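*Asks:*
As structure tokens, then:
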């Protein structure tokens, strides 16, 4: 398996990675409350992928 690409500098702060997970999750809640299940599911999946990629599997770059 090839190594993952290097992480850009703007992705290194925790608040940026949290925002990339929380914003789609909040939008999914908004869509669900308005009765649109399709877009709610789509944004929930984006939030779940972001959490997996940017929070769970994230490895800080080595100095």
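Residue numbers (my numbering): 1101 to 1163.
Quick reminder that beta carbons are idealized off the backbone N, C-alpha and C, glycines included.
Values in this document were obtained by computation on a predicted structure and should not be read as measured data.
Quick one: is residue 1126 buried, meaning 16 or more other Cβ sit within 10 Å of its Cβ, or exposed?
*Replies:* Per the 10 Å Cβ criterion, exposed.
*Asks:* How many Å lie between residue 1158 and residue 1114 at the Cα?
*Replies:* Whole-angstrom Cα-Cα distance: 10 Å.
*Asks:* DSSP on residue 1158, reduced to helix/strand/coil?
*Replies:* The answer is coil: DSSP assigns residue 1158 none of H, G, I, E or B.
*Asks:* Could you check if residue 1135 is buried or exposed, using at least 16 other CB atoms within 10 Å of its CB as the buried criterion?
*Replies:* With fewer than 16 other Cβ atoms within 10 Å, it is exposed.
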